[in-house]
Amino acid sequence: MSRLTNPLLLAIITLTLTGILSCEDDGVMQSTETTLISFGPSGAMHGDSILIIGENLMRVNAVEFAPAEMVPESEFLMRTDDRFMVIVPPTAEAGPIKLHTDDEVIESKTQLNFSVAYSITNVTDEARPGSEITITGNFLNWIESITFSDNLVVTEFVSQTQTEITVMVPREASTGPLVFQGGGFEPLTVETEESLTVTLPAVTSVTPRSVRHTEEITLTGTDLDLVKEIIFPDGSVVPSRDSLSEANQTTIVVDVPATAVAGQIILVAYSDVQVTVEEPISIILPVETSLAPTPVPVGEELTITGSDLDLVGSLVFPGVADPVTEFVSQSATEIKVVVPEGAISGFMKFITIHGYTVNLATSLKLPGEGPAPLALTIFNDTFENGWENWGWVQVDAASGEQVFDGSASLKLLFSSTGGAWEGMQMGNGTPVDVSGYTNLVLYVYGGPGSNGSQVMIKVNDAGNDPAQTINVVEGKWTEYSFPVSELNANSGTGTTWNLILLQEVDQAGGDVYIDYVGFQ
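When you line the sequence shown up against our numbering, it's residues 6 to 525, in that order.
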């Protein structure tokens, strides 16, 4: 802990130093009365001598210092009838001095103040917010404030003596050094060398760890009454401890928000320090295992088999704007629903009874639809056969927002980057011989605001040479098939490819989705 000590200054004051003495203007006094004319210096240190000047001072039998420290006449120095000296006791505090005689008490008009070199010898190492800590040292009665971490200033103490202070740790305090302020007319600041460790909440178990939206989980641990907020993995916040179902030092019971996702919960203390719960939670969601029949015509009944299907509130079919909310039948393991008009092949979505969206992993197939198989796949859910995303426009390579086949597509964020000639490169570290393939095929979907945009395709490092152009169609998947021979002629590099560039030509706005890329 920090220590600060200064040697005590002995002030020897003579009659010639009346310029530094505090003057007591009591008017004209009768010679038989004891009067206090002046004392000094008015600013002193404990153990210093001060000179008291007056009249009939031989009648004084004691000097009282604040708060009630008496120095008897037996301890007076250099005593005469018009002056004497007295040593300031170590427990004296700022205030007037009082001369005691047998029949009266004479109080000074001027305050005696001090320059106090207090010292800190020990501070409690660790404490909970709201609990008390003890500081020991010397002249601690002169400390006026203690500053905890985050500039939390405390001026009211539980108790305070010359050698010890007891103070309550603020609820918002966090681990850090303490700063002491005080010391009379020349304030002194002391900071501890070591930090006070402030206890944080801790969770030892989460029950249950797998839970449905809006159901309760129980957090068990220590010091959980110190929790101000709980942050769930999706970022939703239970704002304060008072809103929890139950809270004490060992248990918190809280409802899982309807938007929560799987992951780790975070506790937020009143100091705003965050504590991550080690055990993650998982959210029980509806899961399909099969769709039957496949393919299924529009207007016919589709059976969805899976688990926790009683959580499904509505179904979103690809190609249909409005969710389907009426089912033929529904249980925890099966949903029967009529395929609505406008539905197309693709991936359906569950919307749970709590408004959470779940993408199905099985593709809905309608008769007569579906792309021709690829002889060599570049991208379908993920990059394949050595092909990779080589930049440079911002790309979400696993977007589930618009999918032609499978569960993910490439989302080209043209609109987020600004400027013209943004592009995306699909590269392969091992050049591919394309002489055995007829066409390069890909499917393109235009996001909102993209209608009229153009994206051109170039092979290898073809510079700005003319290439094939894609006219983006907003709101639907469109197939584009380009002869390999024509792309080879434009590239001028033969039949070996290691780079396919998709570059905007005239980007009207909106994002563009690419899926099912490969050779036929």
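Even glycine gets a Cβ: it sits at the ideal position worked out from N, Cα and C.
Please report the distance separating the alpha-carbon of Pro101 from that of Phe144.
The alpha-carbon atoms of Pro101 and Phe144 are separated by roughly 19 Å.
Mark Arg214 as exposed unless 16 or more other C-beta atoms lie within 10 angstroms of its C-beta, in which case mark it buried.
Exposed, because fewer than 16 other Cβ atoms sit within 10 Å of the Cβ of Arg214.
If we call anything under 8 Å between Cβ atoms a contact, is Thr126 one with Thr106?
Going by C-beta atoms, Thr126 is not nearer than 8 Å to Thr106.
Report yes if the CB atom of Ser179 is closer than 8 Å to the CB atom of Ser276, and no otherwise.
Against a cut-off of 8 Å, the Cβ pair of Ser276 and Ser179 comes out as a contact.
If you draw a straight line from the alpha carbon of Leu379 to that of Gln525, how long is it in whole angstroms?
Taking the straight line from one Cα to the other gives about 5 Å.
Sorry if obvious, but does the Cβ on Asn66 come closer than 7 Å to a heavy atom of the ligand FMN?
No copy of the ligand FMN appears in this structure; indeed no ligand is present at all.
Find out if the Cβ-Cβ distance for the pair Ser54, Leu117 is shorter than 8 Å.
In this structure, Leu117 does not lie closer than 8 Å to Ser54 by Cβ.
Is the beta carbon of Thr209 sitting closer than 8 Å to the one on Thr223?
Cβ atoms of Thr209 and Thr223: not closer than 8 Å.
Quick one: grab the DSSP three-state call for Leu379.
In the structure shown, Leu379 adopts coil according to DSSP, grouped into three states.
Throw me the rounded Cβ distance for the Gly515 and Ser458 pair, which I believe falls under 8 Å.
Yes, Gly515 and Ser458 are in contact; Cβ-Cβ is about 7 Å, under 8 Å.
Does the Cβ of Glu220 have 16 or more other Cβ atoms within 10 Å, making it buried, or fewer, making it exposed?
Burial call: exposed.
Smallest Cα separation from Leu296: which of Ser312, Ile356, Leu290?
The candidate whose alpha carbon is nearest that of Leu296 is Ser312.
Where does Leu205 sit, in a helix, a strand or coil, going by DSSP?
When DSSP states are grouped into helix, strand and coil, Leu205 belongs to the coil group.
Could you tell me the alpha carbon to alpha carbon distance between Ser27 and Arg84, rounded to whole angstroms?
With a pLDDT of only 43 at Ser27, under 50, the local geometry of the prediction cannot be trusted, and the value read off the model is given with reservation. The alpha-carbon atoms of Ser27 and Arg84 are separated by roughly 19 Å.
In terms of alpha-carbon separation, which member of His359, Ser350, Val400 lies closest to Ser319?
The residue among His359, Ser350, Val400 with its C-alpha nearest the C-alpha of Ser319 is His359.
Whole-angstrom distance between Val464 and Leu507, CA atom to CA atom
Going from the Cα of Leu507 to the Cα of Val464 covers about 9 Å.
Would Ser241 and Gly188 be called neighbours here (beta carbons separated by less than 8 Å)?
Ser241 places its beta carbon 8 Å or farther from that of Gly188.
Would you mind listing the beta strand (DSSP E) stretches within the region 165 to 250 that are 3+ residues and don't spill past its ends, in chain order?
Unbroken beta strand (DSSP E) stretches of 3 residues or longer found wholly inside the region 165 to 250: 169 to 173, 184 to 187, 193 to 196, 207 to 212, 221 to 227, 232 to 236, given in chain order.
Name the residue from Met75, Asp87, Pro291, Ile111 whose alpha carbon lies nearest to the alpha carbon of Glu98.
When only C-alpha atoms are compared, the closest one is Met75.
Spatial neighbours of Thr152 in its chain, beta-carbon cut-off 6 Å, leaving aside the 5 residues before and after
The beta carbon of Thr152 lies closer than 6 Å to those of Val158, Val184 in the same chain, with the five residues before and after it left out.
Classification of Gln407 by the beta-carbon crowding that lies within 10 angstroms, buried from 16 upward:
Flag for Gln407 reads buried.
Tell me the start and end of each unbroken alpha helix (DSSP H) in the region 262 to 304 that is at least 4 residues and wholly inside, in chain order.
Within the region 262 to 304, no run of alpha helix (DSSP H) at least 4 residues long lies entirely inside it.
Let me check understanding here. Comparing Cα to Cα, which of Leu445, Leu307, Val517, Thr443 lies closest to Glu479?
Of the candidates Leu445, Leu307, Val517, Thr443, the residue whose Cα lies closest to the Cα of Glu479 is Val517.
Environment of Phe384 [buried if 16+ CB atoms lie within 10 Å]
So Phe384 ends up on the buried side.
Are the CB atoms of Leu445 and Leu492 nearer to each other than 8 Å?
Contact check for Leu445 against Leu492 passes: the beta carbons are separated by less than 8 Å.
CB-CB under 7 Å to Ala267, same chain, minus the five flanking residues each way: which ones, in chain order?
Closer than 7 Å at the Cβ level, and outside the excluded window around Ala267, lie Pro238, Pro285, Ile286, Ser287, Ile288.
Limits of the beta strand (DSSP E) - the one that Ile402 falls within
Before going further, note that residue 402 is Ala rather than Ile in the sequence given. For Ala402, the enclosing beta strand (DSSP E) stretches over residues 400 to 404.
Best match in Ile235, Phe322, Ala49, Met429 for proximity to Val510 [C-alpha to C-alpha]:
Looking at the Cα atoms, Met429 is the closest of the given residues.
Assess contact between the region 187 to 207 and the region 127 to 138, defined as three or more Cβ pairs (one per stretch) separated by less than 8 Å. Is contact present?
Yes, the region 187 to 207 is in contact with the region 127 to 138.
Excluding sequence positions up to five away, which residues of its chain have a Cβ less than 8 Å from the Cβ of Thr166?
Apart from sequence neighbours up to five positions away, the residues of its chain that approach Thr166 with a beta-carbon distance below 8 Å are Leu145, Asn146, ordered along the chain.
Considering His105, what are the terminal residues of the beta strand (DSSP E) in which it resides?
Note, His105: beta strand (DSSP E), 98 to 105.
Cα-Cα separation, Met431 to Met353
If you take the alpha carbons of Met431 and Met353, they lie about 28 Å apart.
At a cut of 8 Å, does the region 160 to 176 reach the region 257 to 266 through at least three beta carbon pairs?
Result no; under three Cβ-Cβ pairs closer than 8 Å.
Is Tyr521 near Tyr448, with beta carbons less than 8 Å apart?
The answer is yes: Cβ separation under 8 Å.
Have a look at Val325 and Val216 and give me their C-alpha separation to the nearest angstrom.
Taking the straight line joining both Cα atoms gives about 31 Å.
Just reading off the beta strand (DSSP E) that Pro94 is part of, what are its end residues?
Per DSSP, Pro94 belongs to no beta strand (DSSP E) and is neither H nor E.
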